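Residues in the sequence shown are numbered consecutively from 1, following UniProt numbering. All remarks here apply to the structure that follows.
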Amino acid sequence: MDLSGIRHRLDRFRDEDDGALLGPAADADLVALLTEVASEFPAGMTATERLQPTGELLDAVYLLAEFYECRADVHSQRNSRKALALQEMLDSTTLYAIVQGRSPGDVPPRMRKAIDDLADEGLETAERLAVLWCGQGRLYRRPVLVNIGISWLREIARTVESRGSRWPRVMQLLGGAVYGRFLQQGDLRDLDESIECSLLAAARLPKNSEETAIALGNAALASRTRYERCRGHPDIHRAMTIGRDALAACPLDSAQRPNFLGQLGATLRLWYEHTGRLSDLAEAERTLRQAVASISDDHPNRATHLNNLGLVLLTRHEAKSEPDVIDEAIRLLRAAATAPHPLQASYRSNLAVALRQRYASAEAPDEGDLTEAKAVLEEAAAGSNQKDPAWSIIMRNLAE
Numbered sequence: 001m002d003l004s005g006i007r008h009r010l011d012r013f014r015d016e017d018d019g020a021l022l023g024p025a026a027d028a029d030l031v032a033l034l035t036e037v038a039s040e041f042p043a044g045m046t047a048t049e050r051l052q053p054t055g056e057l058l059d060a061v062y063l064l065a066e067f068y069e070c071r072a073d074v075h076s077q078r079n080s081r082k083a084l085a086l087q088e089m090l091d092s093t094t095l096y097a098i099v100q101g102r103s104p105g106d107v108p109p110r111m112r113k114a115i116d117d118l119a120d121e122g123l124e125t126a127e128r129l130a131v132l133w134c135g136q137g138r139l140y141r142r143p144v145l146v147n148i149g150i151s152w153l154r155e156i157a158r159t160v161e162s163r164g165s166r167w168p169r170v171m172q173l174l175g176g177a178v179y180g181r182f183l184q185q186g187d188l189r190d191l192d193e194s195i196e197c198s199l200l201a202a203a204r205l206p207k208n209s210e211e212t213a214i215a216l217g218n219a220a221l222a223s224r225t226r227y228e229r230c231r232g233h234p235d236i237h238r239a240m241t242i243g244r245d246a247l248a249a250c251p252l253d254s255a256q257r258p259n260f261l262g263q264l265g266a267t268l269r270l271w272y273e274h275t276g277r278l279s280d281l282a283e284a285e286r287t288l289r290q291a292v293a294s295i296s297d298d299h300p301n302r303a304t305h306l307n308n309l310g311l312v313l314l315t316r317h318e319a320k321s322e323p324d325v326i327d328e329a330i331r332l333l334r335a336a337a338t339a340p341h342p343l344q345a346s347y348r349s350n351l352a353v354a355l356r357q358r359y360a361s362a363e364a365p366d367e368g369d370l371t372e373a374k375a376v377l378e379e380a381a382a383g384s385n386q387k388d389p390a391w392s393i394i395m396r397n398l399a400e
């Protein structure tokens, strides 16, 4: 993969402020680079595989991010020679030049016209690349790539709305993409769009299918996240209702079923906090025990289900003061906190809270609980940073 040509032009562009350096020759280099990167991400790849490029492929992703950031940096300088050159490049060197096999000079000048011209096989490639840029942008904190990927998905959705079965899939992808952007940028409008896209997709999919369950599950997750941020009764009620619908739609033999059980169980715990009814807490416990029992020991989501079940038992202990229950909660939370997971810092913080709670409620407190809690919180702090959603909670717990 030859990255030297476009990297050289980008370096000179920064040094010399010469928009001509990103002219037609750079267009050709960029199209070639995008085509080569696209070939490394076939349709059968899992989401995890797409988010773990190595070697030259990772270099290419970084380089493309640099290019788009470079263009974004001068976007406000509309009257400068550099900005005009970059805007022209944006119009001509698009993803759709690749999937249509056109040379840069033949590409339609605007994205919308280009998408309208695509055949179904070209749209499928466009979808995969748009999802790739959203994923890479989130993973490597390149917001401009996320925004570009979402823009492509919106335009693709508009184009395929009248083309039958493709539209629900694109709406699912768009709903997931804007939800991911919300997690990093925090704009509630993205959450609302995610819920809307997922519900629209579910309405056009076959009933009682895994695809429908996934779309409903995404809407339920976004609704629960909205409740966690805004604490609005309609959000948690909607999350619980849609979560039940997702579980009902999921086939009994689906490998996704434990995830829907776990998601519903976590939502029911929040619903109990809202209602105070022990029957809701008991249902949350039953549902999460089913999720843990039905998922393999090496599944990447097992830690999440263990953590959520531990939190339910911790809540049950708070309501009923049952020593055996908090002991089980700590065993579960410890298992979740020691498993590799992107949310490991948060799970460690939950374990520390449970250890402190056991110490405070025990007839014969064990100093070892406080010692372990402090060590776990220090590990959580070392494994996170200020951009981590759990950072402020970890710091507050450390200060207590």
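Quick reminder that beta carbons are idealized off the backbone N, C-alpha and C, glycines included. Keep in mind it's a predicted model, so treat the numbers as computed, not measured.
In this structure, Pro258 is the residue among Ala177, Trp167, Pro258 with its C-alpha nearest to the C-alpha of Glu210. Asp366 is classed as exposed because its beta carbon has fewer than 16 other beta carbons within 10 Å across all chains shown. Across the structure, Phe182 and Ala364 are spaced so that their CA atoms are roughly 45 Å apart. Between Arg204 and Pro168, the alpha-carbon positions lie close to 6 Å from each other. Counting the other CB atoms within 10 Å of its CB gives Ala337 a total of 16 or more, which places it among the buried residues. Taking 7 Å as the cut-off, the Cβ atoms of Ala339 and Gly383 do not count as close. The Cβ atoms of Leu332 and Leu309 sit closer than 7 Å to each other. Under the three-state reduction of DSSP, Cys250 is assigned to coil, being neither helix nor strand.
The C-beta distance from Glu283 to Arg316 rounds to 12 Å, too long to fall under 8 Å, and the pair is not in contact.
In this structure, the CA atom of Arg138 is about 13 Å from the CA atom of Gly186. For Ser223, the enclosing alpha helix (DSSP H) covers residues 210 to 230.
Between Ala375 and Arg348, the gap from beta carbon to beta carbon reaches 7 Å or more. CA-to-CA, the gap between His305 and Val292 works out to about 6 Å.
Going by beta carbons, Ala329 and Leu314 fall inside the 7 Å limit. DSSP places Asn301 outside any alpha helix (DSSP H), giving it a letter other than H or E.
C-alpha of Leu288 to C-alpha of Val325: approximately 15 Å in a straight line. Cys134 and Ala220 have their C-alpha atoms spaced approximately 21 Å apart. Within the same chain, Cβ atoms closer than 8 Å to the Cβ of Cys230 are found at Leu188, the five residues on either side in sequence being excluded. Minimum Cα-Cα distance from His274 among the listed residues Glu196, Ile214, Ala239, Thr212 corresponds to Ala239. Distances from the alpha-carbon of Gly262 to those of Ala399, Ser321, Arg244, Asn397 put Arg244 closest. Counting the other CB atoms within 10 Å of its CB gives Gln172 a total of 16 or more, which places it among the buried residues. The residue among Pro234, Glu196, Glu228, Lys207 with its C-alpha nearest the C-alpha of Asn218 is Glu196. A Cβ-Cβ separation of about 16 Å leaves Leu132 out of contact with Arg154 under the 8 Å criterion. Setting aside the 5 residues that flank it on each side, Arg269 is surrounded in the same chain by Ala284, Val312, each with a C-beta closer than 6 Å to its C-beta; the list follows chain order. When DSSP states are grouped into helix, strand and coil, Ile242 belongs to the helix group. Taking every protein chain shown into account, the CB of Asp235 has 16 or more other CB atoms within 10 angstroms, so this residue is buried. A Cβ-Cβ distance of about 5 Å is found for the pair Ala202 and Thr212, placing them in contact under the 8 Å criterion. Apart from the 5 residues on each side of it in sequence, Leu281 sits with its Cβ closer than 8 Å to the Cβ of Leu268, Arg269, Tyr272, Val312, Thr315, Arg316, Ala319 in its chain, given in chain order. Taking the CA atoms as reference points, Asn350 sits about 16 Å from Glu228.
With respect to Val178, Glu193 sits close: the two C-beta atoms are nearer than 7 Å. For the pair Ala399 and Ala373, the CB atoms are not nearer than the 7 Å cut-off.
DSSP, read as helix, strand or coil, puts Pro389 in coil. Remark: C-beta atoms of Leu252 and Phe260 do not approach each other more closely than 7 Å. Within the same chain, Arg226 come within 8 Å of Gly232 by CB-CB distance, once the 5 residues on both sides are set aside.
Going by C-alpha positions, Thr159 is about 15 Å away from Ala130.
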